[in-house]
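Okay, so the sequence shown: first residue is 1 according to my numbering, each after it adds one.
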Amino acid sequence: MKKLILLLIGALTTSIFAQVGLKGGSDGLHQQNATSLGQWTLSGGIGGEFSADSWYMVKDGYYIYPNGKRSTLDLISPSISTNVHVAFGVLDFWDIGIVVPLYYDMVYPTHNISSHLDGGGIGDLEMWMKFRVPLSDKNVFSLAALFQATAPTGKKGVGMHPRQVWHINSWGTTDAYTANDWVFIGNLIGTFDFTKKQVPLRWNMNIGFAGALNEGANALTWGTGLNVLPHSYFDLFVEASGETRVEKTRIPREFLDDPMRLTPGVRFHLPAGVDLALGMDIGVNAFRNPSFNYNKDNGYPIVREKNGEILRYETVSTAHYAVSALLTWKMALKNKDSDGDGVFDKFDVCFHTPKGVAVDSVGCPLDSDGDGIPDFLDKCADTPKGLAVDSTGCLLDADGDGVLNVDDQCPNTPEGVSVDATGCPIDTDKDGVPDEKDKCPNTAAGVSVDEFGCPLDTDGDGVTDHLDKCPNTPLNTPVDANGCPSDQDNDGVPDHLDKCPNTPPGTPVDSTGCPPDFDQDGVPNHLDKCPNSKPGDVVDSTGCVMDSDKDGVPDAIDMCPHTLSGVKVDEKGCPINKKQDLSQLNKGINFKTGSKRLTNASYATLDDVVTLLRQIPAANLEVQGHTDKTGKEKTNLELSQERAQTVMDYFVKKGISENRIRAIGYGSERPIADNKTKAGRDTNRRVELIPFE
Numbered sequence: 001m002k003k004l005i006l007l008l009i010g011a012l013t014t015s016i017f018a019q020v021g022l023k024g025g026s027d028g029l030h031q032q033n034a035t036s037l038g039q040w041t042l043s044g045g046i047g048g049e050f051s052a053d054s055w056y057m058v059k060d061g062y063y064i065y066p067n068g069k070r071s072t073l074d075l076i077s078p079s080i081s082t083n084v085h086v087a088f089g090v091l092d093f094w095d096i097g098i099v100v101p102l103y104y105d106m107v108y109p110t111h112n113i114s115s116h117l118d119g120g121g122i123g124d125l126e127m128w129m130k131f132r133v134p135l136s137d138k139n140v141f142s143l144a145a146l147f148q149a150t151a152p153t154g155k156k157g158v159g160m161h162p163r164q165v166w167h168i169n170s171w172g173t174t175d176a177y178t179a180n181d182w183v184f185i186g187n188l189i190g191t192f193d194f195t196k197k198q199v200p201l202r203w204n205m206n207i208g209f210a211g212a213l214n215e216g217a218n219a220l221t222w223g224t225g226l227n228v229l230p231h232s233y234f235d236l237f238v239e240a241s242g243e244t245r246v247e248k249t250r251i252p253r254e255f256l257d258d259p260m261r262l263t264p265g266v267r268f269h270l271p272a273g274v275d276l277a278l279g280m281d282i283g284v285n286a287f288r289n290p291s292f293n294y295n296k297d298n299g300y301p302i303v304r305e306k307n308g309e310i311l312r313y314e315t316v317s318t319a320h321y322a323v324s325a326l327l328t329w330k331m332a333l334k335n336k337d338s339d340g341d342g343v344f345d346k347f348d349v350c351f352h353t354p355k356g357v358a359v360d361s362v363g364c365p366l367d368s369d370g371d372g373i374p375d376f377l378d379k380c381a382d383t384p385k386g387l388a389v390d391s392t393g394c395l396l397d398a399d400g401d402g403v404l405n406v407d408d409q410c411p412n413t414p415e416g417v418s419v420d421a422t423g424c425p426i427d428t429d430k431d432g433v434p435d436e437k438d439k440c441p442n443t444a445a446g447v448s449v450d451e452f453g454c455p456l457d458t459d460g461d462g463v464t465d466h467l468d469k470c471p472n473t474p475l476n477t478p479v480d481a482n483g484c485p486s487d488q489d490n491d492g493v494p495d496h497l498d499k500c501p502n503t504p505p506g507t508p509v510d511s512t513g514c515p516p517d518f519d520q521d522g523v524p525n526h527l528d529k530c531p532n533s534k535p536g537d538v539v540d541s542t543g544c545v546m547d548s549d550k551d552g553v554p555d556a557i558d559m560c561p562h563t564l565s566g567v568k569v570d571e572k573g574c575p576i577n578k579k580q581d582l583s584q585l586n587k588g589i590n591f592k593t594g595s596k597r598l599t600n601a602s603y604a605t606l607d608d609v610v611t612l613l614r615q616i617p618a619a620n621l622e623v624q625g626h627t628d629k630t631g632k633e634k635t636n637l638e639l640s641q642e643r644a645q646t647v648m649d650y651f652v653k654k655g656i657s658e659n660r661i662r663a664i665g666y667g668s669e670r671p672i673a674d675n676k677t678k679a680g681r682d683t684n685r686r687v688e689l690i691p692f693e
């Protein structure tokens with residue numbers, strides 16, 4: 001019971017402490033950074049880690065008595081790791097330090113018999129020095145090297161969980177608190193401090209190597225941490241750290257079994273140089289080996305023998321969960337006067353005063369006239385009290401127009417604008433728009449102007465309001481010099497509405513400016529010789545119904561629109577004498593397949609055409625040759641031309657003048673039936689006789 005009470009007291013007093021990479025470092029808990037303490041600065045503190053995680057040490061462990069009897073180890077096995085650390089800044093870039101670790105493990109068999117592992121003791125003494133590369137303070141990135149050495153001062157034969165991975169050796173038992181040999185560690189540290197660019201972030205990273213002289217396991221050490229600095233009084237951080245063996249040991253190596261942990265936390269910056277950091281350590285093994293799925297093969301099997309007694313236990317690499325914390329304090333041991341103004345830094349309110357500048361008792365530059373501008377920058381050292389001044393200590397001219405604020409009636413004049421004696425922009429034509437913006441600087445008095453000082457043109461017709469006789473003209477309407485809509489043909493309809501803008505003078509027009517056309521045949525009334533045409537009739541330029549072949553039958557109902565002049569026709573416009581009907585004669589002209597040779601039956605039809613041409617000497621005919629779509633178009637075109645020429649040659653041979661006949665082959669480009677059917681193709685292979693003048 002007494003030991004249990006002591007354990008609880010120890011847990012309460014040390015659970016706020018944690019181990020750190022660089023014991024007492026200025027960021028997070030386990031982070032190392034590339035900053036240094038500064039010359040003649042002393043730092044000290046205590047840190048530690050507390051865990052009561054039963055998976056940490058004794059899962060599957062047992063104790064063997066000299067008589068061979070086994071006793072299972074207690075599952076509740078708290079573990080405490082603490083350290084006391086001191087560091088000193090030798091130079092601005094060189095720090096040295098020492099760390100004394102203290103450990104305690106509580107391990108009992110199920111029977112109340114003292115265990116060799118129960119108890120506490122000192123760990124291996126650690127000495128270190130760090131060198132920071134002296135880069136410019138303005139650089140975001142900084143670099144440092146850390147060198148550590150641990151002496152084999154740790155207590156042997158006590159404790160259950162190895163505190164460092166290099167405590168594990170290749171041939172004998174492993175002690176929890178010591179490596180049993182000297183270990184030398186080197187780390188390279190990099191820091192990205194974005195606070196130098198006004199971004200509240202700092203990122204640290206380190207990687208190193210731990211080498212043991214004889215017994216311990218050589219290992220890599222590594223870590224990284226991201227710190228968010230929302231306020232000068234505290235930081236928020238999350239960090240990852242670990243140790244990884246790089247040589248074979250008696251305990252098999254497995255990357256994920258070596259110590260690795262994530263640590264979220266907060267670090268407070270208290271008065272008098274005191275820092276307090278709190279965090280929660282989460283072992284990576286908490287994700288790999290949760291309590292409901294423990295695999296003993298992933299742990300460290302430790303066997304220890306003493307006085308014939310054997311103890312064996314399984315321990316995982318790190319606790320699943322642990323509480324960690326750090327308390328540090330630092331102070332400067334020597335009074336410094338960094339800016340050389342005669343006032344020590346601890347009393348200096350203005351500790352970056354330029355050299356040679358006279359200062360007051362608190363180290364701030366003198367300001368004789370009390371205008372807020374120190375004398376060494378004040379170009380107007382006798383400014384009356386209470387008046388606003390600029391960065392040079394002279395009376396303020398906020399808008400830079402040459403008129404001081406005390407006299408300026410327009411204190412917000414834009415830069416570069418010419419002003420009068422009162423500091424207001426000059427307005428020569430008194431239209432309310434300063435000359436600097438006035439695009440019409442000579443506007444007549446009393447004329448309304450826009451923001452650019454030009455006379456208003458409300459309807460945007462190009463004629464200013466004071467001259468516009470039609471001030472409400474629709475937008476984009478062409479106007480005359482008076483601002484009224486223009487009417488070029490003077491027909492009473494403005495041009496923008498006039499669909500017939502060139503109507504002859506005196507011609508009556510409708511509302512669109514066009515001459516009326518009552519019968520809607522496209523010929524205006526004043527030119528229409530047939531003003532009562534029926535709707536839909538095709539008319540000529542005189543407004544009368546079209547009759548192309550002048551046979552007295554309008555084209556609209558003429559079934560034979562190519563009748564020769566003088567031929568008598570029926571009511572459909574077709575010749576009464578079928579031998580005078582060209583549409584019928586066309587059907588009798590045929591050729592042998594694929595040839596320009598006429599069929600024998602075609603000559604009678606051609607003779608009828610010759611007779612018709614002799615009867616009507618004024619008639620002229622165009623012989624058109626046509627083919628279907630079959631074959632190549634070039635061949636079709638040549639064949640159609642040859643057939644048309646054959647017919648023409650026959651007419652000429654019969655005494656018809658060449659001037660009255662012309663032959664044209666159109667190939668397949670003018671079909672009158674569907675080329676996809678045989679009947680259609682037969683119809684498309686034809687010769688047509690068309691009159692021409």
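By construction, the Cβ of each residue, glycine as well, lies at the ideal position given by its N, Cα and C atoms.
Where residue i falls: helix, strand or coil (DSSP)
i, result
"HIS167", "helix"
"ARG681", "helix"
"ASP427", "coil"
"ARG670", "coil"
"GLY283", "strand"
"THR150", "strand"
"PHE651", "helix"
"ASP275", "strand"
"ASN586", "helix"
"THR244", "strand"
"GLN624", "strand"
"PHE237", "strand"
"ALA179", "coil"
Residue span of the alpha helix (DSSP H) that contains residue i, given as start and end
i, result
"VAL323", "Counting along the chain, VAL323 falls outside any alpha helix (DSSP H), though it belongs to the beta strand (DSSP E) covering 321-332."
"MET129", "Segment 125-132 is the beta strand (DSSP E) holding MET129; no alpha helix (DSSP H) there."
"THR611", "602-615"
Which listed residue (the options) has its alpha carbon closest to that of residue i
i, options, result
"LEU598", "TRP128, ARG643, ALA556, GLY242", "ARG643"
"TYR321", "CYS410, PRO264, THR503, TYR233", "PRO264"
"GLY370", "LYS379, ALA444, THR383, SER361", "THR383"
"THR630", "ASN675, ASN577, ASP360", "ASN675"
"SER232", "VAL246, GLN198, GLN409, MET546", "GLN198"
"PRO411", "HIS269, SER79, ALA388, LEU226", "ALA388"
"SER595", "LYS572, THR635, CYS574", "THR635"
"MET127", "GLN148, ASP581, PRO471, LYS138", "GLN148"
"ASP608", "LYS156, ASN577, LYS379, VAL553", "ASN577"
"PRO414", "ASP408, GLY400, ARG686, VAL406", "GLY400"
"THR41", "HIS626, ILE207, LEU143, LEU333", "LEU333"
"ILE46", "ASP27, PRO101, GLY28, GLN39", "PRO101"
"GLY208", "ARG202, THR605, ALA217, THR221", "THR221"
"LYS592", "ARG686, PRO515, GLU669", "ARG686"
"ASN659", "ARG670, GLY48, GLU622, CYS470", "GLU622"
"LYS654", "PRO501, PRO271, ASP468, ARG614", "ARG614"
Cβ neighbour criterion (16 or more within 10 Å) applied to residue i
i, result
"MET205", "buried"
"GLN164", "buried"
"ALA398", "exposed"
"ASN490", "exposed"
"PRO474", "exposed"
"PHE50", "buried"
"MET331", "exposed"
Between the CA atoms of residue j and residue i - distance to the nearest angstrom
i, j, result
"VAL509", "ASN525", "10 Å"
"LEU188", "GLU215", "25 Å"
"GLU693", "ALA619", "8 Å"
"TRP94", "PHE376", "36 Å"
"THR328", "LEU236", "17 Å"
"GLY340", "LYS355", "7 Å"
"ILE96", "VAL90", "7 Å"
"VAL183", "ILE122", "16 Å"
N-terminal and C-terminal residue of the beta strand (DSSP E) that residue i is part of
i, result
"LEU201", "201-212"
"GLY265", "260-270"
"ARG662", "661-665"
"PHE697", "The structure shown does not extend to residue 697, since the chain is modelled only from 1 to 693, so the question has no answer here."
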